[in-house]
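Residue numbers (full-length UniProt numbering): 1 to 727.
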Amino acid sequence: MPAPRPASRLRVLTRNAALGPLDYRAPAEGVPVGSVVRVPLGPRELHGVVWEAESLPAGEVADAKLRAILGPAPVPPIPASVRRLVEWVAAYYLVPPAAVLRMVLSVPAALDGARTVTEYRVSGQLPERMTEKREAALSTLGHAQGLVRELAEWSGVSDAVIRGLISAGAIEPVTVSVDRTPPLPDPAFDPPTLEPEQAAAAAALVEAVHAHDFAPFLLDGVTGSGKTETYLEAVAAALEEGGQALVLLPEIALTEPFLRRFEARFGCKPVQWHSDLRASERRTAWRAAASGAAKVVVGARSALFLPYPDLRLIVVDEAHETSFKQEDGVPYHARDVAVMRAQIEAIPIVLATATPAIETLAQVTRGRYRHLELPSRYGGAQMPGIEAIDLRVTQPEAGRWLAPPLVEAMKTTLARGEQSLLFLNRRGYAPLTLCRHCGTRIECPNCTAWMVEHRLVKRLQCHHCGLVEAVPDACPECGEEHSLVACGPGVERIAEEVSALFPDANVALVTSDTIHSPAQAKALVDSALAREIDIFIGTQLITKGYHFPELTLVGVVDADLALKGGDLRAGERSFQQISQVAGRAGRGEKPGHVYIQTHQPEAPVLAALVAGDAPGFYAAETKARRAAAMPPFGRLAAIIVSGPDEAQVAATARAIGRAAPTGIDGLTILGPAPAPLSLLRGRFRHRLLVHAARRADVQGLIADWLTRVEVNRNVRVTVDIDPYSFV
Numbered sequence: 001m002p003a004p005r006p007a008s009r010l011r012v013l014t015r016n017a018a019l020g021p022l023d024y025r026a027p028a029e030g031v032p033v034g035s036v037v038r039v040p041l042g043p044r045e046l047h048g049v050v051w052e053a054e055s056l057p058a059g060e061v062a063d064a065k066l067r068a069i070l071g072p073a074p075v076p077p078i079p080a081s082v083r084r085l086v087e088w089v090a091a092y093y094l095v096p097p098a099a100v101l102r103m104v105l106s107v108p109a110a111l112d113g114a115r116t117v118t119e120y121r122v123s124g125q126l127p128e129r130m131t132e133k134r135e136a137a138l139s140t141l142g143h144a145q146g147l148v149r150e151l152a153e154w155s156g157v158s159d160a161v162i163r164g165l166i167s168a169g170a171i172e173p174v175t176v177s178v179d180r181t182p183p184l185p186d187p188a189f190d191p192p193t194l195e196p197e198q199a200a201a202a203a204a205l206v207e208a209v210h211a212h213d214f215a216p217f218l219l220d221g222v223t224g225s226g227k228t229e230t231y232l233e234a235v236a237a238a239l240e241e242g243g244q245a246l247v248l249l250p251e252i253a254l255t256e257p258f259l260r261r262f263e264a265r266f267g268c269k270p271v272q273w274h275s276d277l278r279a280s281e282r283r284t285a286w287r288a289a290a291s292g293a294a295k296v297v298v299g300a301r302s303a304l305f306l307p308y309p310d311l312r313l314i315v316v317d318e319a320h321e322t323s324f325k326q327e328d329g330v331p332y333h334a335r336d337v338a339v340m341r342a343q344i345e346a347i348p349i350v351l352a353t354a355t356p357a358i359e360t361l362a363q364v365t366r367g368r369y370r371h372l373e374l375p376s377r378y379g380g381a382q383m384p385g386i387e388a389i390d391l392r393v394t395q396p397e398a399g400r401w402l403a404p405p406l407v408e409a410m411k412t413t414l415a416r417g418e419q420s421l422l423f424l425n426r427r428g429y430a431p432l433t434l435c436r437h438c439g440t441r442i443e444c445p446n447c448t449a450w451m452v453e454h455r456l457v458k459r460l461q462c463h464h465c466g467l468v469e470a471v472p473d474a475c476p477e478c479g480e481e482h483s484l485v486a487c488g489p490g491v492e493r494i495a496e497e498v499s500a501l502f503p504d505a506n507v508a509l510v511t512s513d514t515i516h517s518p519a520q521a522k523a524l525v526d527s528a529l530a531r532e533i534d535i536f537i538g539t540q541l542i543t544k545g546y547h548f549p550e551l552t553l554v555g556v557v558d559a560d561l562a563l564k565g566g567d568l569r570a571g572e573r574s575f576q577q578i579s580q581v582a583g584r585a586g587r588g589e590k591p592g593h594v595y596i597q598t599h600q601p602e603a604p605v606l607a608a609l610v611a612g613d614a615p616g617f618y619a620a621e622t623k624a625r626r627a628a629a630m631p632p633f634g635r636l637a638a639i640i641v642s643g644p645d646e647a648q649v650a651a652t653a654r655a656i657g658r659a660a661p662t663g664i665d666g667l668t669i670l671g672p673a674p675a676p677l678s679l680l681r682g683r684f685r686h687r688l689l690v691h692a693a694r695r696a697d698v699q700g701l702i703a704d705w706l707t708r709v710e711v712n713r714n715v716r717v718t719v720d721i722d723p724y725s726f727v
């Protein structure tokens, strides 16, 4: 049994992932566990959290050498439940606890005391000297208020123009508190009229909130069945008890449709948490969540790590979405971590989706999750009919990508004054640009990937590292001018074809290139509901969350694209994606129809979609996974070795391969081998894949394995537990 630690010694975990836990001298008055403190490290000052010493071992330091903490930060302590979550995530995903704590203390400015900031707004006074840019800025800003750089960005002028308007008195300063208290949602503001199936599901969720215990639910409802309105009743129950609720969304663009529904139900918007927030907004949101003032937070996956002191409910909307898996930094899956946080907090969690992940359905089968079903659309709306177009038989015209039946359906839909949606999960104009003279394919110099042409901005872009280049006039290899040709369709090319076919139609391109903020999503929704859009053309961004009553036709341009994933979830992802986009059709009073263009309509995924046989697809897919002992019936983990020197990376990967454990029943190790994306952002990459039985201690095995390998300091070894990407 270890000797008791002196009361004068504090164990502190900092935000620095390169450091382990450190010991400091406590002040005479003591500091409670969980307190956020400022501590010295050499000449620097860091923030950290006082931790239970028995949970995090640290190197021994003599009492005489201990440095004193600099003092507590003026924020509430990090709750014990959050500290347990940090420990679990670190152990499960094999990352340093400090790397996880960094996600909890994600806004260093929020750890300072309350403060004010000077923002600016239009005063109504015109400047003596009016220029074209000044006039444009004043007419654009309206009632907007923000920092100088924000006003400049919103109005499309330089900071100097805004500062000139401030000097002229046309824009005035306003002192505001950074820590504005968010409005309180009213659970009795406008309760919905639920249909019997919704009411039964909502009652079960409300009962679970009142029970104050861990209760995982799968809320499984077809598209348009009213899942959001159903789980918002559980949010109302949490509010009635004075607690907090968290709703996770997979895309920040989805926040706008959700915000509209939330405000209609509760009378105000929730606190938002996503990457599009200004720095001051993130600081305010963090402090509101940590103090308990933010009663409902809606956000992206990182909202899961905010230090809520009184969390009563977690909802993961569109819970099947793979974007809940973070690939960089700490490679965690927000759905799984959300379930663990709910278990630690002893609260219910709702996984809401129209297309559940097989992992989630397996938990239902095992009796661990309660299954709530909404099999019908709300208000009597019918599910759309789905029809496959066999492109081997019915081909598009030469130089085009839309088959005649789909084009005719679009004509009919336009004539009726209704809206159409074309789905192709491929950004840009064309996925490949090659030289017709020498055959050179233009590749990214930093990645093993082709540069994608974006014709609207006349650029080539790498979708992996973000490199942007001008489209060259001549082939960079052979020098032949005007020889470069775009191969294959992207959404921009489809938009070009649609504009040629229907020159009078209003077309909206919906991709992450055009909709990358809630404000842009709001403008899209407003235009759609005002009937200012006839045809939507989009990527996966438009497959979920949006409700346009006049949208009655959906066309899937290339249903085979998702089947080419080459990993164990390719079929499942294809089924989910096409089901979701098909679910955009006929959500109002008018019936909808879906056309799926494919070269292989006999593929099990597509056949199940056309037949409306979701249970049959899931049963077959589950059977195949079980036979191969793949997740959720087996375990996978990836070891990725990367670095700027290809030889060092390859040598390290081989050393890891040689040190691999042997003779363990049910354990298979594949690799090492160059990754499919063998060069990514200028780093060479090799991979190993671990396949083990479901109950195997994969984390312990890998942790012990990697301690036996000496790694060059220029090489990075990353472990991805439960990988979703195999490239």
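Positions of the beta carbon are idealized from the N, C-alpha and C atoms, including for glycine.
Local conformation of Leu391 per DSSP, three classes:
Leu391: coil per DSSP, three-state reduction.
If you count every other CB in all the chains shown that lies within 10 Å of the CB of Met130, and 16 or more means buried, which is it?
So Met130 ends up on the exposed side.
With 16 as the cutoff for other CB atoms within 10 Å, does Gln244 come out buried or exposed?
Counting Cβ neighbours within 10 Å, Gln244 comes out buried, since at least 16 surround it.
Quick test of your reading: Ile69 and Val104, contact by CB under 8 Å. State the CB separation rounded to the nearest angstrom.
That pair is no contact at about 19 Å.
At the level of alpha carbons, what is the spacing between Asn714 and Leu138?
Annotation: Asn714 to Leu138 spans about 52 Å, alpha carbon to alpha carbon.
Hey, how far is the Cα of Ala696 from the Cα of Ile702?
Distance between the alpha carbons of Ala696 and Ile702: 11 Å.
Roughly how many angstroms lie between the CA atoms of Ile171 and Gly124, to the nearest whole one?
Pairing Ile171 with Gly124, the inter-Cα distance amounts to about 8 Å.
Residue(s) in a DSSP beta bridge with Val161:
Paired residues: none, contrary to the question.
Determine the direct distance from the alpha carbon of Pro250 to that of Glu263, and round the result to whole angstroms.
The straight-line gap from Cα to Cα measures roughly 20 Å.
Would you call the CB atoms of Leu509 and Glu497 closer than 9 Å?
Taking 9 Å as the Cβ cut-off, Leu509 and Glu497 do not qualify as a contacting pair.
Over the uninterrupted alpha helix (DSSP H) stretch that includes Thr365, give me the two end residues.
Run containing Thr365: Ile358 to Thr365, per the alpha helix (DSSP H) assignment.
Stretch pair the segment 229-243 + the segment 202-209: three plus CB contacts closer than 8 Å:
Flag = yes, the segment 229-243 and the segment 202-209 touch.
With a CB to CB cut of under 8 Å and the five nearest residues on each side skipped, what residues in its chain are close to Ala362?
The residues Thr622, Pro632 and Phe633, in chain order, have a CB closer than 8 Å to that of Ala362 in the same chain once the five nearest residues on each side in sequence are set aside.
Which residue marks the beginning of the beta strand (DSSP E) containing Phe214, and which one marks its end?
Looking at the DSSP string, Phe214 is not in any beta strand (DSSP E), and its letter there is neither H nor E.
Let me check understanding here. Comparing Cα to Cα, which of Leu165, Asp473, Val698 and Ile664 lies closest to Val122?
Closest by alpha carbon: Leu165.
Inside the segment 204-263 only - alpha helix (DSSP H) runs reaching at least 4 residues
Segments of the alpha helix (DSSP H) lying fully in the segment 204-263: 227-240.
If you follow the alpha helix (DSSP H) that Thr622 is part of, which residue opens it and which one closes it?
Unbroken alpha helix (DSSP H) run through Thr622: Ala614 to Ala627.
How about the segment 417-431 and the segment 641-660: do they share at least three Cβ pairs that are nearer than 8 Å?
Fewer than three pairs of CB atoms, one per stretch, sit closer than 8 Å, so the segment 417-431 makes no contact with the segment 641-660.
In its own chain, which residues sit with a C-beta less than 6 Å from the C-beta of Pro405, not counting the 5 before and 5 after it?
The answer, listed in chain order, is Ile389.
Specify whether the segment 588-603 and the segment 556-575 touch according to this definition: at least 3 beta carbon pairs, one from each stretch, less than 8 Å apart.
The segment 588-603 vs the segment 556-575: in contact.
Have a look at the DSSP bridge pairing and note the partners of Tyr24.
Beta-bridge pairing links Tyr24 to Leu10.
Name the one or two DSSP bridge partners that Asp317 has.
Ala352, per the DSSP bridge assignment.
Classification of His599 by the beta-carbon crowding that lies within 10 angstroms, buried from 16 upward
His599 should be labelled exposed.
Nonlocal neighbours in the same chain, by C-beta distance under 7 Å from Leu66, ignoring five residues either side
So the list reads Arg9, Asp23, Tyr24 and Arg25, once near-sequence residues are dropped.
So what does Gly71 bridge to, in DSSP terms?
The partner list for Gly71 (beta bridge, DSSP) reads Arg38.
I'd like to check one pair, Ala474 with residue 762: are the Cβ atoms closer than 9 Å?
Shown here, the chain extends from 1 to 727; a query on residue 762 therefore has no answer.
Helix, strand or coil for Lys544 per DSSP?
Coil at Lys544, not helix or strand.
So, for Gln326: in the same chain, excluding its five sequence neighbours on each side, which residues have a beta-carbon less than 6 Å away from its beta-carbon?
Closer than 6 Å at Cβ, skipping near neighbours: Tyr332.
Between the alpha carbons of Asp720 and Pro431, how many angstroms are there, rounded?
Rounded to whole angstroms, the separation of the alpha carbons of Pro431 and Asp720 is 28 Å.
Mapping DSSP to helix, strand and coil, what is Lys325?
Judged by DSSP in its simplified three-state form, Lys325 adopts strand.
Report the three-state DSSP secondary structure of Gly671 (helix, strand or coil).
Note: Gly671 maps to strand in three-state DSSP.
Spatial distance of Pro182 from Phe305 (CA atoms)
Going by the C-alpha atoms only, they are around 19 Å apart.
Helix, strand or coil for Ile494, going by three-state DSSP, please let me know.
Correct three-state label for Ile494: helix.
Helix, strand or coil for Gln597 per DSSP?
In the three-state reduction of the DSSP assignment, Gln597 falls in the strand class, which pools E and B.
Meets three-Cβ-pair contact criterion under 8 Å: the segment 342-361 and the segment 194-203:
Contact fails between the segment 342-361 and the segment 194-203, because fewer than three Cβ pairs, one in each stretch, are under 8 Å apart.
N-terminal and C-terminal residue of the beta strand (DSSP E) that Thr284 is part of
Looking at the DSSP string, Thr284 is not in any beta strand (DSSP E); the run it does join, the alpha helix (DSSP H), is Ala279 to Ser291.
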